[in-house]
Amino acid sequence: MPIIKVKPGQKVKLEDIDPDDTGKYENKDEANGILARNIKQIAELQNVLYAEGKHALLIVLQAMDAGGKDGTIRKIMSGINPQGVRVTSFKQPTEEELAHDFLWRIHQAVPRRGIIGVFNRSHYEDVLVVRVHNLVPKRVWQQRYEHINNFERLLAGNGVTILKFYLHISKEEQKERFLARLEQPHKRWKFNPADLDERNLWNDYMRAFEDAFERCSTDVAPWYIVPANRKWYRNVAISETILETLTGLNLKYPKPVEGLDDLVIP
Ligand code: ATP
Ligand code: MG
6 MPIIKVKPGQ KVKLEDIDPD DTGKYENKDE ANGILARNIK QIAELQNVLY
56 AEGKHALLIV LQAMDAGGKD GTIRKIMSGI NPQGVRVTSF KQPTEEELAH
106 DFLWRIHQAV PRRGIIGVFN RSHYEDVLVV RVHNLVPKRV WQQRYEHINN
156 FERLLAGNGV TILKFYLHIS KEEQKERFLA RLEQPHKRWK FNPADLDERN
206 LWNDYMRAFE DAFERCSTDV APWYIVPANR KWYRNVAISE TILETLTGLN
256 LKYPKPVEGL DDLVIP
């Protein structure tokens with residue numbers, strides 16, 4: 006199965022989704038050709054998004070460690086005017102963030118109209134890592150799905166178009182990528198032994214992801230599951246979804262001020 010858009014309430018079994026799938030693409034060269042074209046078009050549409058100033062686009066990326074969030078951002082945003090994109094990485098909450106509700110830090114990072122915002126991790130951590138590690142009692146994280154849906158609906162009602170991508174890699178692929186981090190000197194710094202603890206909890210994470218998809222994929226903020234073992238498929242599939250979404254916004258440059266034709270610049 007290629008990239009999947011989860012329907013509201015749809016039960017997802019990640020086990021049944023092949024992380025090696027490459028959809029309609031036969032090979033890397035073919036996909037990369039289309040990716041390059043998509044990147045260019047996304048950049049052009051971002052320019053109109055900015056000029057028009059009516060919409061923002063929010064892209065949420067979630068994955069297991071080494072799932073490819075950083076690489077996705079680097080690649081797909083590579084054509085965009087740096088002033089038009091805002092990337093926010095959500096780490097462990099600070100003392101101040103923990104002293105507020107879980108959406109407090111998230112809300113502040115939502116892109117203003119005209120901007121593409123990218124979340125590298127997000128409020129979903131509060132029903133993923135937090136749930137898997139029992140960082141709050143069950144009755145607290147259970148309520149968060151509804152809070153998240155309400156929050157996302159609020160954003161959508163205020164001009165924010167939301168796309169959420171789960172980069173689906175296999176446990177085996179994660180191992181390969183960890184090994185690459187260990188072996189290649191320029192990747193070594195990325196290796197974090199604590200990631201192995203999370204790897205041990207793989208199945209718990211899968212259950213938590215599945216629940217998040219079932220409960221929080223909505224018409225205004227759908228979840229997409231992206232087979233992501235092949236980076237080239239991941240990139241082209243995500244770029245396509247972003248491009249379709251931006252195209253669907255029917256963006257228009259604003260009308261220029263009147264009388265420009267007769268204007269003489271002294
Ligand atoms: P990299 O891929 O480069 O390792 P990363 O996104 O994993 O990037 P890290 O600094 O390694 O960045 O890890 C951030 C950590 O913060 C993750 O383990 C994540 O689960 C954790 N985190 C994020 N949000 C929350 C939260 N709300 N509560 C608890 N932990 C969180
Ligand atoms: Mg990490």
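According to my numbering, the residues represented by the sequence shown are 6 to 271, in order. Yeah, the Cβ is synthetic: ideal placement off N, Cα and C, and Gly gets one too. Bear in mind the structure is a predicted one, so any value in this text is a computation, not a measurement.
Asked, Found
"For HIS173: DSSP bridge partner residues", "PRO232"
"Distance between beta carbons of LEU133 and TYR210, contact taken as under 8 Å", "7 Å"
"At least 3 beta-carbon pairs within less than 8 Å: the segment 59 to 66 vs the segment 110 to 127", "yes"
"Residue from GLU130, ILE121 and MET6 whose Cα sits closest to the Cα of LEU108", "GLU130"
"Which listed residue (ASN240, GLN51, LYS96 and ASP202) has its alpha carbon closest to that of GLY253", "GLN51"
"Residue burial classification, ALA199 (beta-carbon count within 10 angstroms, cutoff 16)", "exposed"
"Length-filtered (4 minimum) alpha helix (DSSP H) runs lying within the segment 20 to 102", "33 to 57 and 74 to 81"
"Beta-carbon proximity list for ARG91, same chain, < 6 Å, skipping 5 on both sides", "PRO116, ILE120 and GLY122"
"Any non-hydrogen atom of the ligand MG closer than 7 Å to ASN197 Cβ", "yes"
"Span of the beta strand (DSSP E), counted from its first residue to its last, around VAL123", "121 to 125"
"Residues that LEU168 bridges to, as DSSP identifies them", "ILE64"
"Those residues which DSSP pairs with LYS10 across a bridge", "TYR229"
"Reduced DSSP category for LEU245 - H, G, I as helix; E, B as strand; rest coil", "Correcting the residue type first, residue 245 is Glu in the shown sequence and not Leu. In this structure, GLU245 counts as helix in the three-state DSSP scheme."
"Through-space distance from LYS260 to GLU215, alpha-carbon basis", "45 Å"
"C-alpha distance - LYS18 paired with ASN154, whole-angstrom precision", "21 Å"
"Alpha helix (DSSP H) segment containing LYS143, residue limits", "143 to 161"
"For LEU54, the nearest candidate out of VAL225, TYR258 and GLU177 (CA to CA)", "TYR258"
"Contact under 8 Å by Cβ, LEU172 with ALA233", "yes"
"contact_flag[the segment 99 to 107, the segment 234 to 250] where n(CB pairs < 8 Å) is 3 or more", "no"
"ASP106: CB within 7 Å of a non-hydrogen atom of the ligand MG", "no"
"Near the ligand ZN: ASP202 beta-carbon under 7 Å from a heavy atom", "No copy of the ligand ZN occurs in the structure displayed; its ligands are the ligand ATP and the ligand MG alone."
"Proximity to ILE111 [Cα-Cα], best of ALA71, PHE156 and ASN86", "PHE156"
"Buried versus exposed, by CB contacts within 10 Å (16 or more), SER127", "buried"
"Exposed unless 16 or more other CB atoms sit within 10 angstroms - verdict on LEU248", "buried"
"First and last residue of the uninterrupted alpha helix (DSSP H) at LEU201", "199 to 205"
"Assigned exposure category for ARG79 - 16 Cβ within 10 Å defines buried", "exposed"
"Where the alpha helix (DSSP H) containing ILE111 begins and where it ends", "109 to 113"
"Rounded straight-line distance, which links the Cα of ASP34 to that of HIS191", "26 Å"
"Nearest-angstrom Cα separation, counted from LYS74 out to PRO227", "18 Å"
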